[in-house]
Structure formats: C-alpha cells, structure tokens
C-alpha cells in the first residue's frame, strides 16, 4: 500500500516504481498529484479525459 500511495502522490521515486512494475496504462481521477505530474511528463500520453477520469498510456 505504501508504494501505491507513493505513486498516487507523485512522491520521489514514483516514476521508478511505474518502470519496475512495467505499468503501461494509468486510469486515475484528474484531481490527483499523479495526474498533474503526468501532464508534463513526456513518457506519458493522454489517451482520454473527462470530468471524472483521465487515462494515460506510456509513450515508449
């Protein structure tokens, strides 16, 4: 649960955890620190967005 919290909060090392677990897609609420971090991260592409959900796909 600690790792999930680290990713969701976009705390230091969150990108490494996504890499370690080979996460390819992220489905999350748009009002989270992780969603904000993904907006400016070139490794992730916004695939879908509405008021409730954003979906990001790994770009590489």
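Numbering (this note's numbering), first residue to last: 279 to 338.
Where is the CB? At the ideal position from N, CA and C, for every residue including glycine.
As the structure is a computational prediction, the values presented were derived from the model and not from experiment.
A residue is called buried when at least 16 other Cβ atoms come within 10 angstroms of its Cβ; residue 323 does not meet this threshold and is exposed.
For residue 315, the enclosing alpha helix (DSSP H) stretches over residues 311–317. Sequence-distant Cβ neighbours of residue 307 in its own chain, meaning closer than 8 Å and more than five residues away, are 313, 330, 331 and 332.
Of 326, 338, 304 and 336, the smallest CA-CA separation from residue 286 is found for 304.
Taken atom to atom, the span from the alpha-carbon of residue 293 to that of residue 328 is near 24 Å. Bounds of the alpha helix (DSSP H) holding residue 282 are 280–286.
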